[in-house]
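Visitor: Quick one: structure below, then a few questions.
Protein chains: 2
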Amino acid sequence: MASQRGEGETTTTPLEPADRERARAIPEAAVARLAVYLRVLSGMADQGVTAVSSEELSQAAGVNAAKLRKDLSYIGSYGTRGVGYDVEVLVSHIERILGLTRNHSVAVVGIGNLGHALANYGGFPGRGFPVTALFDVDPDLIGVPVGGIPVSHIDDITAVCLEREVSIGVIATPPPAAQSVCDRLVSAGVQCILNFAPVVLQVPDNVEVRKVDLAVEMQILSFHVARRADEAVHNSGGGVSVGNNGLGVDGMVIRP
Amino acid sequence: MASQRGEGETTTTPLEPADRERARAIPEAAVARLAVYLRVLSGMADQGVTAVSSEELSQAAGVNAAKLRKDLSYIGSYGTRGVGYDVEVLVSHIERILGLTRNHSVAVVGIGNLGHALANYGGFPGRGFPVTALFDVDPDLIGVPVGGIPVSHIDDITAVCLEREVSIGVIATPPPAAQSVCDRLVSAGVQCILNFAPVVLQVPDNVEVRKVDLAVEMQILSFHVARRADEAVHNSGGGVSVGNNGLGVDGMVIRP
DNA sequence: CCGACTTTGTGCATGCGTTCACAAGCGGTA
DNA sequence: TACCGCTTGTGAACGCATGCACAAAGTCGG
Ligand SMILES: NC(=O)c1ccc[n+]([C@@H]2O[C@H](COP(=O)([O-])OP(=O)(O)OC[C@H]3O[C@@H](n4cnc5c(N)ncnc54)[C@H](O)[C@@H]3O)[C@@H](O)[C@H]2O)c1
Ligand SMILES: NC(=O)c1ccc[n+]([C@@H]2O[C@H](COP(=O)([O-])OP(=O)(O)OC[C@H]3O[C@@H](n4cnc5c(N)ncnc54)[C@H](O)[C@@H]3O)[C@@H](O)[C@H]2O)c1
């Protein structure tokens, strides 16, 4: 809790005034989609694609073309009418808006089943989220390197987080420990938390929490099964498959 | 009452007509929250709590009390005015609406880092989602038991899924394999898919897909950091903490 | 240089979800 | 029984997100 000031933090590219206003106005839902567009665009760039139309991109991202254009319009007008978007340009603008012009150091707390998987996962560093710290309470784990990083003791969380300029904390502890771990992360200055424990975390409002709750995801799927099965029973039990008509494909839709 | 419908996996408890109509009308967002309420309520029940008011429950679930009541109203009126809700009653009604009156067998495809964590996780069976099948292509893994279940070869997916009445498929393969695995799951009759691979899956519209994309989650967090940092720069070093004080969380101010 | 064609960017309407506010209903109490 | 205080359930207003439809703006071929 020393008042050490992270100097690396200052590396953030300041946004232009016009962008600031835009960033403030971007709907939450659009931000999530922008991240998806970014991934799709990166993949395209890797394959040598240099230009893309809203139609193509929207197909690849599994969304409506109009929605895609609107989402992109939130960050500015970087397309060329009659042509489409330059992939590189779009990538760099989305990265800028999402704050990906600098790395965000990640700490994982709770190096059990899930924590190991996360620590070993190679996909984060490449996307600007290097895992730089691991924490646990288990004495057998302390000091053991996982995914190249030695596990630190949870009691050192404040010092280590400050030292390594952790900006995102991932909670992968058992549920009973989650709130306490969360509090410690917050005390250590971490303002972003990704929570895997099935617990509702209480945080001050300057801290952003996102949760990943697999049981909830499954229950949502279960709900749709039940609804569908029920409809099937009701509509003179029959026709299940609606023929794969290759079109109208998209990620998560409930069709009336 | 209801006539038993043999048809494969239709062991579902049929909903009453009134419930059917309700289930159809429940907003997607409310379904996700109902799952959270259910978890909180189950925890309360375990601690011997028998009754709860919308105020208490909403606090515990981290939502607005009015929203909670509206969410509950989607599934019926099971509260007592002036008193609150009976925990047991609420639990059973939410379970019924979410289709949790029967088990949903889960298959995990891709037994790598993440697949291992999922297979070993003890939290699913207890919530009605027993993991009954594991698949991979790696010859070294086939036959090896993980979390008590031996890994099957992906080529046997259709037979195994049918035999074990898998209703939810979890994809934890590398991105390039995800679409192919998805297609196979669909061919095997699986209508619900939980996808961890950072890929937009194309599926027929009788299949429900939910994705868990950790990189996207982190990018959303990143966006908020950037926005917040940017505001801080703009508002000449002005107040950071809103509502929460007492905690030494400042240290994040960028330009004095 | 022009006109036809393509695709973006966005105003607008529509629908969904959230929040507010309060009447209705219930238990407790005298 | 009649009153009182408390909490639910919901109608209605509001705000946000989605999808449509089209003018604006650019390219390309001649
Ligand atoms: N494993 C999965 O697939 C999965 C799926 C869904 C949800 N989850 C949730 O993720 C969390 C972790 O799951 P898991 O399977 O990895 O559990 P796990 O038991 O394998 O690992 C938990 C780890 O946290 C450590 N820990 C305990 N208390 C701690 C504390 N106070 N500070 C730091 N570390 C502490 C333990 O030593 C252990 O290493 C749980 O909340 C679980 O409900 C896991
Ligand atoms: N590990 C994480 O923490 C993490 C985090 C975010 C996203 N993901 C994503 O989850 C997925 C799995 O990650 P991982 O770290 O477990 O990867 P991994 O490489 O450790 O495991 C992948 C497994 O899938 C198997 N596989 C490959 N092709 C297959 C096929 N066609 N059919 C069946 N099995 C096949 C491999 O043999 C391997 O066992 C990846 O898409 C990854 O991007 C993982």
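So the sequences go chain by chain: A and B.
For the first sequence, the UniProt record's numbering assigns the number 1 to the initial residue and increments by one for each residue that follows.
For the second sequence, the UniProt record's numbering assigns the number 1 to the initial residue and increments by one for each residue that follows.
Note that beta-carbon positions come from the ideal geometry of N, C-alpha and C, so glycine has one too.
Keep in mind that this is a model prediction, so the values were computed, not measured.
Output, in chain order, the set of chain A residues within a Cβ distance shorter than 7 Å of residue 135 of chain B.
Guide: Residues of chain A passing the Cβ test: none, with the nearest at roughly 17 Å.
Visitor: Might you give, ordered along the chain, the residues of its own chain that have their beta carbon closer than 6 Å to the beta carbon of residue 79 of chain B, omitting 5 neighbours on each side?
Guide: 85
Visitor: Using only the alpha-carbon positions, how far apart do residue 135 of chain A and residue 63 of chain B sit?
Guide: 30 Å
Visitor: Would you report the Cα separation of residue 149 of chain B and residue 214 of chain A, rounded to the nearest angstrom?
Guide: Computed Cα separation, rounded: 20 Å.
Visitor: Could you tell me whether the region 193–209 of chain B touches the region 221–230 of chain B, where touching means 3 or more Cβ pairs closer than 8 Å?
Guide: Taking one beta carbon from each stretch, the region 193–209 of chain B and the region 221–230 of chain B have fewer than 3 pairs nearer than 8 Å; the two do not touch.
Visitor: Mind reading off the beta-carbon distance from residue 34 of chain B to residue 71 of chain B? Whole number of angstroms is fine, and I expect it under 8 Å.
Guide: Taking C-beta atoms under 8 Å as the contact rule, residue 34 of chain B and residue 71 of chain B qualify, at a distance of about 6 Å.
Visitor: Starting from residue 99 of chain B, find everything on chain A with Cβ-Cβ shorter than 7 Å and list it in chain order.
Guide: The contacting residues are 222, 223, 225 and 226.
Visitor: DSSP three-state call for residue 61 of chain B: helix, strand or coil?
Guide: helix
Visitor: If distances are taken between C-alpha atoms only, which option among A/187, A/184 and A/176 comes closest to residue 198 of chain A?
Guide: A/176
Visitor: Should residue 149 of chain B be flagged as near chain A, meaning a C-beta pair shorter than 7 Å?
Guide: Among the residues facing chain A, residue 149 of chain B is not included, as its CB has no counterpart in that chain under 7 Å away.
Visitor: Measure the beta-carbon distance from residue 42 of chain A to residue 91 of chain A and round it to whole angstroms, keeping in mind my assumption that it falls under 8 Å.
Guide: 6 Å
Visitor: For residue 113 of chain B, I'd like the list of residues in its chain whose CB is within less than 8 Å of its CB, leaving aside the five on either flank, ordered along the chain.
Guide: none
Visitor: Just checking, does the region 181–190 of chain A make contact with the region 125–141 of chain B on the three C-beta pairs under 8 Å criterion?
Guide: no
Visitor: Which word fits residue 173 of chain A, buried or exposed, when buried means at least 16 other C-beta atoms lie within 10 angstroms of its C-beta?
Guide: buried
Visitor: Quick one: which chain B residues come within Cβ less than 7 Å of residue 114 of chain A?
Guide: 117
Visitor: Sort B/164, B/201, B/231 and B/163 by Cα distance to residue 180 of chain B and report the nearest one.
Guide: Minimum Cα distance to residue 180 of chain B is reached at B/201.
Visitor: Just tell me which of B/115, B/102 and B/142 has its CA closest to the CA of residue 126 of chain B.
Guide: B/102
Visitor: Which of the three DSSP states, helix, strand or coil, is assigned to residue 85 of chain B?
Guide: strand
Visitor: Which residues in the same chain as residue 93 of chain B place their Cβ atom closer than 6 Å to its Cβ, once the five residues preceding and following it in sequence are excluded?
Guide: The residues are 75 and 78.
Visitor: Please tell me whether residue 87 of chain B and residue 50 of chain B are closer than 7 Å, where the distance is taken between their beta carbons.
Guide: Residue 50 of chain B is positioned such that its CB atom lies closer than 7 Å to that of residue 87 of chain B.
Visitor: Using the rule of at least 16 other Cβ atoms within 10 Å of the residue's Cβ for burial, across every protein chain shown, is residue 115 of chain A buried or exposed?
Guide: buried
Visitor: For residue 28 of chain B, which three-state DSSP category applies?
Guide: helix
Visitor: Tell me the DSSP secondary structure of residue 126 of chain B in three-state form.
Guide: helix
Visitor: Using a Cβ cut-off of 7 Å, pull out every chain B residue sitting near residue 68 of chain A, in sequence order please.
Guide: Residues of chain B passing the Cβ test: none, with the nearest at roughly 12 Å.
Visitor: Can you find a CB in chain A that lies within less than 7 Å of the CB of residue 164 of chain B?
Guide: no
Visitor: Taking only heavy atoms of ligand 2 into account, decide whether any of them is closer than 6 Å to the Cβ of residue 220 of chain B.
Guide: no
Visitor: Which residue spans inside the UniProt domain "CoA-binding" (99–200) of chain A form an unbroken alpha helix (DSSP H) run of at least 4?
Guide: 113–120, 123–126, 157–163 and 175–187
Visitor: Note down, in chain order, all residues in the region 205–219 of chain B with a beta-carbon under 9 Å from any beta-carbon belonging to chain A.
Guide: 205, 206, 208, 209, 210, 211, 212, 213, 214, 215, 216, 217, 218 and 219
Visitor: Would you tell me roughly how many angstroms separate the C-alpha atoms of residue 209 of chain A and residue 54 of chain B, rounded to the nearest one?
Guide: Annotation: residue 209 of chain A to residue 54 of chain B spans about 23 Å, alpha carbon to alpha carbon.
Visitor: Report all residues from its chain with a CB closer than 7 Å to the CB of residue 211 of chain A; omit the five preceding and five following residues, and keep chain order.
Guide: 195
Visitor: Look at the Cβ atom of residue 109 of chain A, then the Cβ atom of residue 168 of chain A, and state whether they are nearer than 7 Å.
Guide: no
Visitor: If we ignore side chains and look at the alpha-carbon of each, how far apart do residue 56 of chain B and residue 151 of chain B end up?
Guide: 44 Å
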